[in-house]
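Since the structure comes first, as structure tokens, the remarks are kept for the end.
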Ligand SMILES: Nc1ncnc2c1ncn2[C@@H]1O[C@H](COP(=O)(O)OP(=O)(O)OP(=O)(O)O)[C@@H](O)[C@H]1O
Ligand SMILES: [Mg+2]
């Protein structure tokens, strides 16, 4: 207990430090960091290409005629739809919470050298567990939510643990096992949804009527009137900070990242590789489980239906982790961004755009990120060559930053 | 003058560090040109610039008198420049043949054509006597053979300028001789050779000229014929270097490590890799295991350090009277073991961690570095600064440098710093001076002797007889997994050891060693 | 540097509040119809499509703007968000096909008293079902699916099919009613015509979703290859899977009965469809609201044979072999005039079979029509 207290007091101190020593130069540096610029450039290019697609399909919704103005209207919605009103933005944040957590699940595993394609499965079992706890237990408001969320975390963690332990002991590739676990989760949850005590035949979903277990709102709806916002976004942000803290500041994070970087070197150093892999997958699973709890427990929750489809959220999580380059704090932004773009894209329908365009835009963004590092390299090289041709003898202030990144890539 | 290669006023910085500071290098056709310099002096960097891996901040490169732009290894290929890297760049799961043609694949009707290249490569193999099995997977062949693959790769690309970055560090003496023969052959054909090595006698043996770098600066270029080994060393380090290790007589006390009846087989149990090994390492002595590479040294180290599990009944390893045969690696460390591993990239370092993080890779859980599972970065970085200072580990960003970005020698120094600085009384050092410059070797040897004098037990595995003779208090010669002899360096000579090493002689003592008095 | 700046500007565009420039809405008296789709696409060849065709037809005939909107997800929150959005954008008639809209409409009908809602297949209520209330601006339209199902079952047996099956989508009341009517119709016909049919409980199932999937194809293939001759697929898009299975059946001429709309065009194997004339019903109410200026706000319309809102397709799509249009008209009339009261629940089905179908021994089947829930 004492240990836990100590842990959190340390956590608090380091968060406080972050704000007390808040240094705009440092922040500016973060934003001019090549990696971050790459992400931004990629997002920009992605949106640009999305817009080009839009120009092609732009049709006035009533007349059915092609119109460039419609494309512009659509673009305005795509960019601005998520922030047209406080209500919209509140909803963006509300829907961002599970996305952030699933992104964290994938990103965390990735930082520790594992590819968690199973976030979907972990999400599904986490959702059912949270809903079971919400429906079957009788507990006071607030506590009930906490217990239901913990149930989600536990179920997700178990779902992550299985591939983790298989990898640790039998060296079975986690990509394969997590995919298989997705299927098992799908059939298992379909079976569990229709359990009479939790099933709502009218809704054809797990009953959503569990007043004591809903995610608390804590007055956030006053900030974003009319939206569905609740504390889930705060939970997501806090968890992201916690994950960042664990990865960067704790022995556990040190150990997990070491294993991620080099299995052999960490084995040599006496780090328990097997335990690390299992723990890492468990944490990743727990994060996906928590995402599900926050997805299914709000006052107006998503419905858990007995549909034989693997939840696509795990794959969105991969995108989000990619855009955030697996950095827990960056994932807060990338998750919110995806939620924002989705919101905007959905509004584009008002101008006759098919909703599928969101998916196109998002996929394009991810492709762009992959290509952008390459593009960045090419551009750097161009720059250098130009400079050489011009034979300018200037001291290359900016140039000094670049080679580190370049060198790293070459050696890698 | 007609130079094959001219690098003029080359300057390259990494952040605050100037790795190459206005360096000139000129190589003629048919010349073997050595580059000498301390660890981190900028040798690999200079060669990487020539090979198009890095772009110089300043300076010009001329090939056959013409100014050229080398932006990528592809450009270098087009200019017939080839390079064998300090750390090989081969695809482990590809065959030798596939590795050689990789990047230059021929296509026949859209399919990969391996037969035409095979012929060409086979001709090269025959011509230069570069024996390798083209169908073997890289991961299954020896380091020497891998190097031959790298050489074939260059030749296959019709390289006229051949760069060798520390090619001898990983080879046995016989292999080194073979390599030199080939290199001379190349030179005879008019190819230009640039070779980096820390071994001064090798430079004497093979090079025509030698360019010396010190801390990124060009110190001079000398004609090797007219320059003594000591002079080379002095030019490079900037002071006189003492090649022999001064040490007092060892006064061994209690046994620290004890190995009893150690047997070990390969995976499918078809071959005995270690055959009934028995020996002790005592407080205050350095025991060296001498032998030709591949005679069970790696397995022996792996079993002692726990990287591989002991599988045979009856085998016993104990440390400080504690049975550690089945102990985990961390338990062994806790019991007093330190380990300088043979493969610094695979085991020694977490390449994507920075120097400070690497310094604590096996002690991060100690109270000094963490409290309530939270890392104490103040202490960690402080400790790193201490070690960097004490062991003179050089890198671009100090404790914040990524291990990957450091020069090979400095990586090795970092490992030695880590392993000798933490609490231990037994040190296993597998080829601790591989890739180090003479100054650093001197330092490591001194460190090992100091360790000994502090009462630690030390087990060194070395392929280099000079080193063995220099630092050992007791020599165990290993051949095909058996201890052939236990020798006192003062009463033996290199020739005698050589006989035991090659298996042509064996001491009467059955199974190796008894608890011999010294 | 310029590039960096550009990217920052973009970042602000993305994250910054693009000034709340909400449209002021269309001019007051102009009608503007928006349909919000249920789970599934507008081209589901079923529910959404049927409703949309009605809306579109009406809009064209009367030159009134109409569009559809597809929410992100089939949840109350998303439906409400969609309603907010389209209303903000000027919609004043909102058509929502599907019972899933019930809770969303319950909230929004009070929030937007000036907007007319047409809720098909449901009645507004609170999420906990404690309160049902239909406001004056809301019209509910329900169908007597059991009648359509009855006709399908009757026709199948009358046409000589002896081995029947039923695949529903999700087990929702409307789908249950289709199934129950189908069972009733089949055994009614068998009794009346003195045919012997097999319809075991394991040939009556709910697939759990409305989407086409390989799993459903497998399931249907299993039924056909074990002898089932005809399957009534009351399963939206999943019906396509049943058709695919029927097409692949080589041993005999496997048949499918479609649902909601005339699905004859989808597959040669569709012999008939148990239709809800969604388009008709929607147009009737749109006309009542917009043209006649009143509408049936505050009430629930139950449309069946009486309103010509259900039935099997005639003409080219009437592909029965021996069963004739005249015979069909006869049964239809019996339902219309109330001589046959088609059962709509498990209990009613039980009594109906006892009373009007010679009390066949099919207790298991009857039980399969409704799961235990609640
Ligand atoms: N990609 C890089 N990023 C940052 N620093 C680098 C990078 N590559 C090399 N350095 C630094 O440049 C210096 C010169 O390195 P280089 O590898 O050229 O040394 P070297 O002479 O080959 O040494 P060694 O004999 O140990 O291999 C070292 O201090 C090293 O840390
Ligand atoms: Mg080097």
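Residue numbers (the working numbering), protein chains in the order written: chain A, 41 to 452; chain B, 48 to 565; chain C, 68 to 441. For every residue, glycine included, the Cβ atom is placed at its ideal position computed from N, Cα and C. Since this is a predicted model, take the numbers as computed values, not measurements.
- Counting only runs of 3+ residues, the beta strand (DSSP E) found wholly inside the segment 256-300 of chain B occupies 256-261 and 264-270, in chain order.
- Residue contact with chain C for residue 296/A: absent (no Cβ-Cβ distance below 9 Å to any residue of chain C).
- By the neighbour-count criterion, in which a residue is buried when 16 or more other Cβ atoms sit within 10 angstroms of its Cβ, residue 52/A is exposed.
- Where residue 367/C is concerned, the enclosing beta strand (DSSP E) starts and stops at 367-370.
- For the pair residue 219/C and residue 211/C, the Cα-to-Cα distance works out to about 13 Å.
- Residues of the segment 375-397 of chain B with a Cβ closer than 9 Å to any Cβ of chain A, in chain order: 375, 376, 377, 378, 379, 380, 381, 386, 388, 390, 392, 393, 394, 395, 396 and 397.
- Your pair residue 139/B and residue 185/B checks out as a contact, with CB atoms roughly 5 Å apart and the cut at 8 Å.
- For residue 105/B, the Cβ stays outside the 8 Å cut-off from all heavy atoms of ligand 2.
- Within chain C, the residues placing a beta-carbon under 7 Å from that of residue 244/A are 237, 238 and 239, ordered along the chain.
- Exposed is the label assigned to residue 352/A, since fewer than 16 other Cβ atoms lie within 10 Å of its Cβ.
- Within chain A, no C-beta atom comes nearer than 9 Å to that of residue 183/C; the closest sits roughly 19 Å away.
- Between ligand 2 and the CB of residue 297/B, the shortest heavy atom gap is not smaller than 8 Å.
- Nearest Cα to residue 383/A within the set 283/A, 118/A, 87/A and 153/A: 118/A.
- In the DSSP assignment, residue 108/A falls outside any beta strand (DSSP E) and lies within the alpha helix (DSSP H) extending over 108-120.
- Taking every protein chain shown into account, the CB of residue 542/B has fewer than 16 other CB atoms within 10 angstroms, so this residue is exposed.
- If you keep only unbroken alpha helix (DSSP H) runs of at least 4 residues inside the segment 158-210 of chain B, you get 162-175 and 190-203.
- Runs of the alpha helix (DSSP H) spanning 4 or more residues and lying entirely within the segment 282-328 of chain C occur at 305-315, in chain order.
- Comparing alpha carbon positions, the residue from 191/A, 107/A, 162/A and 224/A closest to residue 175/A is 191/A.
- Leaving aside the five residues that flank residue 301/A on each side, the residues in its chain whose CB is nearer than 8 Å to its CB run, in chain order, 153.
- The DSSP assignment places 79-84, 105-110 and 113-115 as complete runs of the beta strand (DSSP E) inside the segment 73-118 of chain B, in order along the chain (cut-off: 3 residues).
- The beta carbons of residue 379/C and residue 332/C sit about 15 Å from each other, so the pair does not count as a contact at 8 Å.
- For residue 191/C, the three-state secondary structure derived from DSSP is coil.
- Inclusion of residue 448/B in the 8 Å shell around ligand 1 follows from its C-beta lying nearer than that to a non-hydrogen atom of the ligand.
- From the beta-carbon of residue 194/C, the residues of chain A found nearer than 7 Å are 248 and 249.
- Closest in alpha carbon position to residue 232/B, among 434/B, 77/B and 328/B, is 77/B.
- Judged by beta-carbon spacing, residue 156/A lies within the 9 Å limit of residue 324/A, meaning their Cβ atoms are closer than that value.
- At least 9 Å separates the beta-carbon of residue 429/C from that of residue 224/C.
- The Cβ of residue 304/A sits closer than 9 Å to at least one Cβ of chain B.
- Residue 92/B holds the alpha-carbon nearest to the alpha-carbon of residue 61/B among 51/B, 49/B, 92/B and 74/B.
- Residue 341/A and residue 142/C have their C-alpha atoms spaced approximately 7 Å apart.
- Within the chosen limit of 8 Å, ligand 2 reaches the beta carbon of residue 90/B through at least one heavy atom.
- When Cβ-Cβ separations below 9 Å define contact, residue 367/A makes no contact with chain B.
- Shown here, residue 380/C sits in coil according to DSSP, grouped into three states, outside any helix or strand.
- Taken atom to atom, the span from the alpha-carbon of residue 271/A to that of residue 293/A is near 27 Å.
- The beta-carbon separation of residue 145/A and residue 327/A, rounded to 4 Å, stays under the 8 Å limit for a contact.
- For the segment 339-350 of chain A, residues whose beta-carbon sits nearer than 8 Å to a beta-carbon of chain C comprise 340, 341, 342, 343, 345, 346, 347, 348 and 349.
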